[in-house]
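Visitor: Below are the structure tokens for one structure; questions will follow.
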Amino acid sequence: MKIEPFVGEPDFARLRAQIRGEPVDRVPHLEALVDDRHVEKILGRYAGNTLAVGGDPAKGAEEAVGRPMVGDDYVEFNQAIGQDVLLVECFWTPLKKRGPDGTLAPVTDRSVRSRSDWEEIVLPGEADIEDRLQYVREYQEAARGTKQGVALAGGCFFQTLYEFTVGMMDFMPMCYEQRDLVEEMLEVSADYFAQLVAAGVAQGMDAFFFADDYAWKQGLFIPPKLFKEIWFPRAERVIAPAVNAGIPVFFHSDGKIDETVEWLIDIGVEGITPMDPYAIDYRDYKKRFGDRLCLFGNIDVEFPLVHGTPEDVDRDVKEHAEVLKPGGRWVAGSSHSITNFVPHENFVALINAYHRYGLY
Amino acid sequence: MTIQEELYSIVLSGKRNEVEDAVQRVLDGGAAPKTIIEGTLRPAMNEVGERFSRAEFYLPDLILAADAMKRATEYLRPLLAAEASAARPETVVIGTAKGDLHDIGKNLVISLLEGSGYRVIDLGVDVPIEKVVSAVREHDPVMIGFSALLTTTMVNIPVAIQALEAAGLRQGRILAVGGAPVTQRNADEWGVDLYAPDAGTAVRMLNEMLATR
Chain V
29 MKIEPFVGEP
39 DFARLRAQIR
49 GEPVDRVPHL
59 EALVDDRHVE
69 KILGRYAGNT
79 LAVGGDPAKG
89 AEEAVGRPMV
99 GDDYVEFNQA
109 IGQDVLLVEC
119 FWTPLKKRGP
129 DGTLAPVTDR
139 SVRSRSDWEE
149 IVLPGEADIE
159 DRLQYVREYQ
169 EAARGTKQGV
179 ALAGGCFFQT
189 LYEFTVGMMD
199 FMPMCYEQRD
209 LVEEMLEVSA
219 DYFAQLVAAG
229 VAQGMDAFFF
239 ADDYAWKQGL
249 FIPPKLFKEI
259 WFPRAERVIA
269 PAVNAGIPVF
279 FHSDGKIDET
289 VEWLIDIGVE
299 GITPMDPYAI
309 DYRDYKKRFG
319 DRLCLFGNID
329 VEFPLVHGTP
339 EDVDRDVKEH
349 AEVLKPGGRW
359 VAGSSHSITN
369 FVPHENFVAL
379 INAYHRYGLY
Chain H
706 MTIQEELYSI
716 VLSGKRNEVE
726 DAVQRVLDGG
736 AAPKTIIEGT
746 LRPAMNEVGE
756 RFSRAEFYLP
766 DLILAADAMK
776 RATEYLRPLL
786 AAEASAARPE
796 TVVIGTAKGD
806 LHDIGKNLVI
816 SLLEGSGYRV
826 IDLGVDVPIE
836 KVVSAVREHD
846 PVMIGFSALL
856 TTTMVNIPVA
866 IQALEAAGLR
876 QGRILAVGGA
886 PVTQRNADEW
896 GVDLYAPDAG
906 TAVRMLNEML
916 ATR
């Protein structure tokens, strides 16, 4: 099973137009992560995955460990599947701590429980910004001569704290019991991303894929009123450089985000991804937000992508297209990622179905 | 408000720093430790779990209440030594699927299980199948719980279940699964007894299953 010929070469203008409800030739599609075995089958050689791990052994895989996919590989992959943008991963706030030997290492051990722990943290600096920008430049150079765009993907200023810095079991109570400290950490975390987005804009990036998980299947992690107070002003600050420059911002959180969608629109977000199928009815979202917000994703990774057949995948995309395509503002995609556990024939069927049912 | 109602309210509202004083006041009022656990603390935790399942409580509420319950139980533990333990005799073994480093969901379930008085053996994350088998052999749990956040790792859950069956350790135990990509459909495919969409429901279902045994 192969990717069938499709209408319209990869073109960032298509993605931008669709986000804004303007006419396009076909529905664009976007996956943040396509895992390495799928990439290898498409390209015919190993090239890592599309998000955070890259490197073609032929180009020196040893050196490529810990860096994103090589730009040329990514561009070629996008050309093959018809995807319009390359994503430069910038998920986590680079908070670091000095070890006993004096070397700096990212904080991933959830060891910050108090203000004194926090005061030991080495905050992000210009080198951390440059660490991400180098890949924006590399991808722009690789995309030269094509119509593909380059976007930063990340900004987890809240999630970094509960995943790595403090840990969920301590961070959540901290939101009630030590709100001052939580706000101080969020401020530092948001500051880094605000600077990174501004630098990305100055570098000429085409979009910002803003990601910061704050919900689960039943709703927000913390009460909406508190969340609105501590997260939204900072989120607005993070994306402001892009919004002010007219660069599209689309936002990712898994889970049920109903209470926050209007707030996201208010701060300038133009799209939401991935419309978690366990929490969101895409038909309902199309009715409620489809004329103001671009809707991404929602093809369930579990079924049809992992457990279904290519025919199931085709049918599901068709059903989504019938509801989401009219009027635009739909970017096709999965409910999370194309992991290696997705049968490759289902990934190919997914891309073919996007192209088949996405024509205007 | 009675002193029992005050303790109930303190657990429900997650005021973990006030719970030991409240327990002492109930003890001073003449209540037996076992009565406090069964008559006040467990009902309070049941309500916490129910409110969380109904999305009326958020993660901080759940975690703080579970910690308040744990502190109250630990405060009472020395007093329980003389009488037949009021702590649940049942042990639960729980871990995250092999290959999966995510532990948020598992830790929430553990908080509620411990809050409800279960003895929990936490196998951690990325648990090798041999470790599950060995823990079940050693601790003889009533329930074995598996959690996964990734579609890529949840496939290791049925493999672990098969290993338990091959070792003759599956029979007579409740198998439970949960996690973002895991569904009732998966649970049915794998022959699992308990699937729950959230931590509160998981513990409530376990309580109900054990009550009808």
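Protein chains in written order, with the numbering used here: chain V, 29 to 388; chain H, 706 to 918. Ideal placement from N, C-alpha and C gives every residue a C-beta, glycine not left out. The structure presented is a predicted model; accordingly, all values stated were derived computationally and were not measured.
(1) Relative to chain H, which residues along the region 227-245 of chain V have a C-beta separation below 9 Å, given in chain order?
(2) Helix, strand or coil, according to DSSP, for Trp244/V in the structure here?
(3) For a contact defined as C-beta to C-beta under 7 Å, what are the partners of Pro251/V on chain H?
(4) Does Gly877/H get closer than 8 Å to chain V when you measure Cβ to Cβ?
(5) Kindly confirm or deny that the region 721-731 of chain H and the region 361-379 of chain V touch, where touching means at least three C-beta pairs closer than 8 Å.
(6) Scan the region 44-81 of chain V and note each continuous alpha helix (DSSP H) run of 4 residues or more that stays entirely inside, going in chain order.
(7) Pick out whichever of Glu32/V, Met213/V, Glu117/V, Phe192/V has its Cα sitting closest to the Cα of Ala79/V.
(8) Distance, Cα to Cα, Gly325/V vs Ser281/V?
(9) Quick one, which of Gly336/V, Lys346/V, Arg384/V, Val351/V has its alpha-carbon nearest Pro371/V's?
(10) Is there a Cβ of chain V sitting closer than 8 Å to that of Leu769/H, yes or no?
(11) Give me the Cα-Cα distance between Glu148/V and Gly76/V, rounded to the nearest whole angstrom.
(12) May I have the straight-line CA-CA distance separating Ala230/V from Ala243/V, to the nearest angstrom?
(13) Spatial neighbours of Arg8/V within its chain, please: C-beta separation below 6 Å, excluding the five flanking residues on both sides.
(14) List the residues of chain V whose Cβ lies closer than 8 Å to the Cβ of Ala760/H, in chain order.
(15) Taking only the alpha-carbon atoms, compute the straight-line gap between Ala736/H and Ala770/H and give it to the nearest angstrom.
(16) Using 8 Å for Cβ pairs, my map puts Leu828/H next to Gly800/H. What's the rounded Cβ distance?
(17) Does the region 282-302 of chain V come close enough to the region 231-251 of chain V that 3 or more CB-CB pairs lie under 8 Å?
(18) Using a Cβ distance threshold of 8 Å, determine whether the region 879-897 of chain H contacts the region 858-865 of chain H, with at least three qualifying pairs required.
(19) Looking at the structure shown, is His280/V part of a helix, part of a strand, or coil, going by DSSP?
(20) Considering only the alpha carbon of each residue, which of Tyr74/V, Lys256/V, Arg141/V, Gly318/V lies closest to Val194/V?
(21) Tell me the DSSP secondary structure of Phe255/V in three-state form.
(22) Quick one: which chain H residues come within Cβ less than 9 Å of Tyr204/V?
(23) On the DSSP letters alone, give me the boundaries of the alpha helix (DSSP H) that Ala268/V sits inside.
(24) Go to Gly336/V, then tell me how far its beta strand (DSSP E) extends in each direction, as first and last residue.
(25) Going along the chain, which residues of the region 892-910 of chain H sit with their C-beta nearer than 7 Å to a C-beta in chain V?
(26) In three-state DSSP terms, what is Met200/V?
(27) Assign Glu339/V to buried or exposed, taking buried as 16 or more other Cβ atoms, counted over all protein chains shown, within 10 Å of its Cβ.
(28) Take Tyr102/V and list the residues in its own chain whose beta-carbon comes closer than 6 Å to its own, dropping the five residues that flank it on each side.
(29) Are any of the Cβ atoms in chain V nearer than 8 Å to that of Asn964/H?
(30) Can you tell me whether DSSP reads Gly810/H as helix, strand or coil?
(31) Could you tell me how far apart the beta carbons of Ala235/V and Gly177/V are, in whole angstroms, since I believe they sit closer than 8 Å?
(32) Quick check: what's the CA-CA separation for Ala270/V versus Ser365/V?
Guide: Taking the definition as stated:
(1) Those residues of the region 227-245 of chain V that come within reach of chain H (Cβ to Cβ, closer than 9 Å) are Trp244, Lys245.
(2) Translated into positions along the first sequence, residue 244/V becomes position 216. Trp244/V falls in the strand class under three-state DSSP.
(3) Locating residue 251/V in the first sequence gives position 223, where the first residue counts as 1. Neighbours of Pro251/V in chain H, taken as residues whose beta carbon is under 7 Å from its own, are Tyr763 in chain order.
(4) Counted from its first residue, the second sequence places residue 877/H at position 172. For Gly877/H, the answer is no, since every Cβ of chain V falls outside 8 Å of its Cβ.
(5) Touching, no.
(6) Fully enclosed alpha helix (DSSP H) runs of 4 or longer: 64-71.
(7) Numbered from 1 along the first sequence, position 51 holds the residue referred to as residue 79/V. According to the sequence as given, residue 79/V is Leu; it is not Ala. For the set Glu32/V, Met213/V, Glu117/V, Phe192/V, the Cα lying nearest the Cα of Leu79/V is the one of Glu117/V.
(8) By 1-based counting over the first sequence, the position of residue 325/V is 297. By 1-based counting over the first sequence, the position of residue 281/V is 253. Taking the straight line joining both Cα atoms gives about 12 Å.
(9) In the first sequence, the residue the question calls residue 371/V occupies position 343. Here the closest residue by C-alpha is Gly336/V.
(10) Against the second sequence, residue 769/H aligns to sequence position 64. Closer than 8 Å to some Cβ of chain V, the Cβ of Leu769/H qualifies, so yes.
(11) As a working note, residue 148/V is residue 120 in the first sequence. As a working note, residue 76/V is residue 48 in the first sequence. If I take the Cα positions, the gap works out to 35 Å.
(12) In the first sequence, counting from the first residue as 1, residue 230/V sits at position 202. In the first sequence, counting from the first residue as 1, residue 243/V sits at position 215. Distance between the alpha carbons of Ala230/V and Ala243/V is about 32 Å.
(13) Any question about residue 8/V goes unanswered here, given that chain V covers just 29 to 388.
(14) Against the second sequence, residue 760/H aligns to sequence position 55. Residues of chain V passing the Cβ test: Gln246, Gly247.
(15) The residue given as residue 736/H occupies position 31 in the second sequence. The residue given as residue 770/H occupies position 65 in the second sequence. Straight-line Cα distance between these residues: approximately 22 Å.
(16) Taking the first residue of the second sequence as 1, we reach residue 828/H at position 123. Taking the first residue of the second sequence as 1, we reach residue 800/H at position 95. 3 Å between Cβ atoms; contact.
(17) Yes, the region 231-251 of chain V touches the region 282-302 of chain V.
(18) A contact is defined here as three or more CB-CB pairs under 8 Å, and the region 879-897 of chain H meets this definition with respect to the region 858-865 of chain H.
(19) In the first sequence, counting from the first residue as 1, residue 280/V sits at position 252. DSSP places His280/V in strand when its eight states are reduced to three.
(20) By 1-based counting over the first sequence, the position of residue 194/V is 166. Minimum Cα-Cα distance from Val194/V among the listed residues Tyr74/V, Lys256/V, Arg141/V, Gly318/V corresponds to Arg141/V.
(21) On the first sequence, position 227 is the one that residue 255/V refers to. DSSP places Phe255/V within a helical segment (H, G or I) once states are collapsed to three.
(22) For the purposes of this step, residue 204/V is taken as the residue at position 176 of the first sequence. Chain H residues near Tyr204/V: Gly719, Pro765, Asp766, Leu769.
(23) Within the first sequence, numbered from 1, the residue matching residue 268/V stands at position 240. Residues 260-272.
(24) Start at 1 with the first residue of the first sequence, and residue 336/V comes out as number 308. Taken as a continuous stretch (DSSP letters only), Gly336/V belongs to no beta strand (DSSP E), as it is neither H nor E.
(25) Taking 7 Å as the Cβ-Cβ cut-off against chain V, the residues of the region 892-910 of chain H that qualify are Pro902, Asp903.
(26) Here residue 200/V is taken as the residue at index 172 of the first sequence, counted from 1. Three-state result, Met200/V: helix.
(27) Position 311 of the first sequence, counted from the first residue, corresponds to residue 339/V. Label assigned to Glu339/V: exposed.
(28) Residue 102/V sits at position 74 when you count from the first residue of the first sequence. Leu114.
(29) Given a span of 706 to 918 for chain H in the structure shown, any question on residue 964/H remains unanswerable.
(30) Stepping through the second sequence from its first residue, residue 810/H is reached at position 105. DSSP places Gly810/H in helix when its eight states are reduced to three.
(31) Position 207 of the first sequence, counted from the first residue, corresponds to residue 235/V. Position 149 of the first sequence, counted from the first residue, corresponds to residue 177/V. That pair is a contact at about 6 Å.
(32) Against the first sequence, residue 270/V aligns to sequence position 242. Against the first sequence, residue 365/V aligns to sequence position 337. If I take the Cα positions, the gap works out to 25 Å.
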